[in-house]
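A.B. asks:
2 protein chains.
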Amino acid sequence: MEILKRYITTQVQLSEEDLVAFCNLFTPRQVRRKSYLLQDGEICKFEAFVTNGCFRVYHSSPSGDEQVLYFATENWWVTDIDSFTNIRPSELNIEALEDSEVLLISKKDKELAYQQWPEIERLFRIMTQRALVALQRRMIDNLSKTADERYIDFMERYPGHYHRLSNVQIAAYLGISHEFVSKIRRKIARKN
Amino acid sequence: MEILKRYITTQVQLSEEDLVAFCNLFTPRQVRRKSYLLQDGEICKFEAFVTNGCFRVYHSSPSGDEQVLYFATENWWVTDIDSFTNIRPSELNIEALEDSEVLLISKKDKELAYQQWPEIERLFRIMTQRALVALQRRMIDNLSKTADERYIDFMERYPGHYHRLSNVQIAAYLGISHEFVSKIRRKIARKN
Numbered sequence: 001m002e003i004l005k006r007y008i009t010t011q012v013q014l015s016e017e018d019l020v021a022f023c024n025l026f027t028p029r030q031v032r033r034k035s036y037l038l039q040d041g042e043i044c045k046f047e048a049f050v051t052n053g054c055f056r057v058y059h060s061s062p063s064g065d066e067q068v069l070y071f072a073t074e075n076w077w078v079t080d081i082d083s084f085t086n087i088r089p090s091e092l093n094i095e096a097l098e099d100s101e102v103l104l105i106s107k108k109d110k111e112l113a114y115q116q117w118p119e120i121e122r123l124f125r126i127m128t129q130r131a132l133v134a135l136q137r138r139m140i141d142n143l144s145k146t147a148d149e150r151y152i153d154f155m156e157r158y159p160g161h162y163h164r165l166s167n168v169q170i171a172a173y174l175g176i177s178h179e180f181v182s183k184i185r186r187k188i189a190r191k192n
Numbered sequence: 001m002e003i004l005k006r007y008i009t010t011q012v013q014l015s016e017e018d019l020v021a022f023c024n025l026f027t028p029r030q031v032r033r034k035s036y037l038l039q040d041g042e043i044c045k046f047e048a049f050v051t052n053g054c055f056r057v058y059h060s061s062p063s064g065d066e067q068v069l070y071f072a073t074e075n076w077w078v079t080d081i082d083s084f085t086n087i088r089p090s091e092l093n094i095e096a097l098e099d100s101e102v103l104l105i106s107k108k109d110k111e112l113a114y115q116q117w118p119e120i121e122r123l124f125r126i127m128t129q130r131a132l133v134a135l136q137r138r139m140i141d142n143l144s145k146t147a148d149e150r151y152i153d154f155m156e157r158y159p160g161h162y163h164r165l166s167n168v169q170i171a172a173y174l175g176i177s178h179e180f181v182s183k184i185r186r187k188i189a190r191k192n
């Protein structure tokens, strides 16, 4: 819970009392490696704050191709915003890549928090804005950058996660083959 | 200005006095057909509410390929959220497809509104959430749906805009050739 408190105080101003009351709306959950927080077809009933571990949020096509939308590590939020907001079956999967810990808040409690604390409305306005910027950049990058450039951007976006993610995971994020990821990695290693 | 007032009252509760004060932060601008509200390389200094007309927000690749991110018509907001929020050169272009009218708000005035009215924070939190949902759906659809399905979704998303957008524009949104759009249109016409 301390991790969430620290995160919030870096984003918005909230009294200690309100901060504790807001954090008490969250429920901790342990998620074992290779387990799912959400599977496609389910309705996403939570917004999760990652306190430990790593998740991948991905879409699986009918033909079995997997495309990673993003990875979520410590201090990231993870949810299917579409399913959560509009109460519709999710098209995404959220899988733990390591033994992980999250704090979950329900839709009802989130609405309650909005009513009670304008600062929380601000927190989620800023957070949603950042998520929108990230997704827009990702979409533009897919259209305009080479795989090499996208790999370098990825490394900047997820610094220090190099050793946590396999070539297969990174490939599913970049939309290229894992052999091609190995090739880029070797090329960069040679340059350094 | 009445269009903006009507839009806001459908989204959040605000006293008449506050509503007028907020709307007074906007500046009207006429944009002629084929003129630009924003061109790539510029810093986006506004968030615009469309009161009349139609815009396309698109990315142009170095090779000259154009991909439409979205169209904005009456009651839509249009901006480059990344450039506007992070004060960085835009990678997008915003072009009027018809003679259009917008109401512009600056970053400074938007921040002022957030400080003054929690309801405006809510308005933009909800709006940003919707934009995020739309972009996420668009990304998933590109991965999982056929061009025919995406065309039908597009018609549902932009009802009544069929006659306002050329096959070339729709093709640049769907990421297919305009000949293919004509083919889908003929196929659907035969079915009806």
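Chains as they are written, first to last, in the numbering used here: chain R, 1 to 192; chain B, 1 to 192.
Each residue gets a CB set at the ideal place from its N, CA and C atoms; glycine is no exception.
Assuming S144 (chain B) is part of the alpha helix (DSSP H), what are its boundary residues?
C.D. replies: 118-144
A.B. asks: Under 9 Å between C-beta atoms, does F154 (chain B) make it to chain R?
C.D. replies: no
A.B. asks: What residues match up with Y173 (chain B) in a beta bridge as DSSP calls it?
C.D. replies: None; Y173 (chain B) has no bridge partner.
A.B. asks: Give me the subset of the region 123-141 of chain B whose CB atoms are less than 7 Å from a CB atom of chain R, sorted by chain position.
C.D. replies: Listed by position, the residues of the region 123-141 of chain B near chain R (Cβ gap below 7 Å) are F124, R125, T128, Q129, A131, L132, V133, L135, Q136, R137, M139, I140.
A.B. asks: Can you pull the chain R residues whose beta carbon is under 9 Å from the beta carbon of S61 (chain B), in chain order?
C.D. replies: L143, S144
A.B. asks: Quick check: the Cα distance between P118 (chain B) and E121 (chain R), rounded to an integer number of angstroms?
C.D. replies: Within the model, the alpha-carbon separation for P118 (chain B) versus E121 (chain R) is close to 8 Å.
A.B. asks: Using a Cβ-Cβ cutoff of less than 8 Å, which residues in the same chain neighbour T9 (chain R) once the five nearest sequence positions on both sides are dropped?
C.D. replies: L19
A.B. asks: With 9 Å as the C-beta to C-beta threshold (strictly closer), list the residues of the region 70-95 of chain R near chain B in chain order.
C.D. replies: Taking a C-beta cut-off of 9 Å against chain B, the contacting residues of the region 70-95 of chain R are D80, I81, D82, T85, N86, E91, L92, listed in chain order.
A.B. asks: Quick one: what's got a C-beta closer than 7 Å to Q13 (chain R)'s C-beta in the same chain, skipping five residues either side?
C.D. replies: E119
A.B. asks: Can you tell me whether Y162 (chain R) is buried or exposed, with buried defined as 16 or more other CB within 10 angstroms of its CB?
C.D. replies: exposed
A.B. asks: Cβ closer than 7 Å: which chain R residues qualify as neighbours of E121 (chain B)?
C.D. replies: P118, E121, R122, R125
A.B. asks: Compare the C-beta of D65 (chain B) with all C-beta atoms of chain R and state if any pair is closer than 9 Å.
C.D. replies: yes
A.B. asks: Please confirm whether Y7 (chain B) has its beta-carbon closer than 9 Å to some beta-carbon of chain R.
C.D. replies: no
A.B. asks: Can you find a C-beta in chain R that's less than 9 Å from the C-beta of Y114 (chain B)?
C.D. replies: yes
A.B. asks: Identify every residue that forms a DSSP beta bridge with Y66 (chain B).
C.D. replies: With the sequence shown as reference, residue 66 (chain B) is identified as Glu, and Tyr is not the correct amino acid for it. Per DSSP, B:S60.
A.B. asks: Assign V102 (chain B) to one of three DSSP states: helix, strand, or coil.
C.D. replies: Judged by DSSP in its simplified three-state form, V102 (chain B) adopts strand.
A.B. asks: May I have the straight-line CA-CA distance separating E42 (chain R) from S100 (chain B), to the nearest angstrom?
C.D. replies: 42 Å
A.B. asks: Taking only beta-carbon atoms, is E91 (chain B) less than 9 Å away from chain A?
C.D. replies: Note that chain A does not occur in the displayed structure, where the protein chains are R and B.
A.B. asks: When you compare the region 80-97 of chain B with the region 28-40 of chain B, are there three or more beta-carbon pairs, one atom per stretch, that lie closer than 8 Å?
C.D. replies: Yes: the two stretches touch, three or more of their Cβ pairs being nearer than 8 Å.
A.B. asks: According to DSSP, simplified to helix, strand and coil, what is V12 (chain B)?
C.D. replies: coil
A.B. asks: Quick one: measure Cβ to Cβ for L174 (chain B) and R138 (chain B), integer angstroms, because I've assumed they're closer than 8 Å.
C.D. replies: Between R138 (chain B) and L174 (chain B) the Cβ distance is about 10 Å, and since that is not below 8 Å, they are no contact.
A.B. asks: Give the secondary structure of F55 (chain R) by DSSP, where H, G and I count as helix, E and B as strand, and everything else as coil.
C.D. replies: strand
A.B. asks: If we count Cβ pairs, one from each stretch, closer than 8 Å, do we get three or more for the region 76-91 of chain R versus the region 122-142 of chain B?
C.D. replies: yes
A.B. asks: Rounded to whole angstroms, what is the Cα-Cα separation between F180 (chain B) and M127 (chain B)?
C.D. replies: Near 33 Å, if we compare the C-alpha coordinates of M127 (chain B) and F180 (chain B).
A.B. asks: In whole angstroms, give me the CA-to-CA distance for K45 (chain R) and Y36 (chain R).
C.D. replies: 14 Å
A.B. asks: Helix, strand or coil, according to DSSP, for T85 (chain B) in the structure here?
C.D. replies: The DSSP-derived three-state label of T85 (chain B) is helix.
A.B. asks: Which residues in the same chain have their Cβ closer than 7 Å to the Cβ of Y114 (chain R), if we skip the five residues on either side of it in sequence?
C.D. replies: Leaving aside the five residues that flank Y114 (chain R) on each side, the residues in its chain whose CB is nearer than 7 Å to its CB run, in chain order, I120, E121.
A.B. asks: Hey, would you say I105 (chain B) sits closer than 9 Å to T51 (chain B), going by beta carbons?
C.D. replies: no
A.B. asks: Give the single residue among R:D40, R:N24, R:R186, R:E156 whose Cα lies nearest to the Cα of P62 (chain R).
C.D. replies: Closest option to P62 (chain R), Cα to Cα, is R:D40.
A.B. asks: Using CA coordinates, which residue listed in R:E66, R:R157, R:C54, R:Q11 is at the minimum distance from V78 (chain R)?
C.D. replies: R:C54
A.B. asks: Quick one, are the C-beta atoms of L135 (chain R) and P28 (chain R) less than 9 Å apart?
C.D. replies: no
A.B. asks: Y58 (chain B) and A172 (chain B) - do their beta-carbons sit closer together than 9 Å?
C.D. replies: yes
A.B. asks: With distances taken between CB atoms, is the gap from T73 (chain R) to Y158 (chain R) smaller than 9 Å?
C.D. replies: yes
A.B. asks: Give every residue of the same chain whose Cβ lies closer than 6 Å to the Cβ of M1 (chain R), excluding the five residues on either side of it in the sequence, and list them in chain order.
C.D. replies: C23
A.B. asks: Quick check on E111 (chain B): buried or exposed, where buried means 16 or more other Cβ atoms within 10 Å of its Cβ?
C.D. replies: exposed
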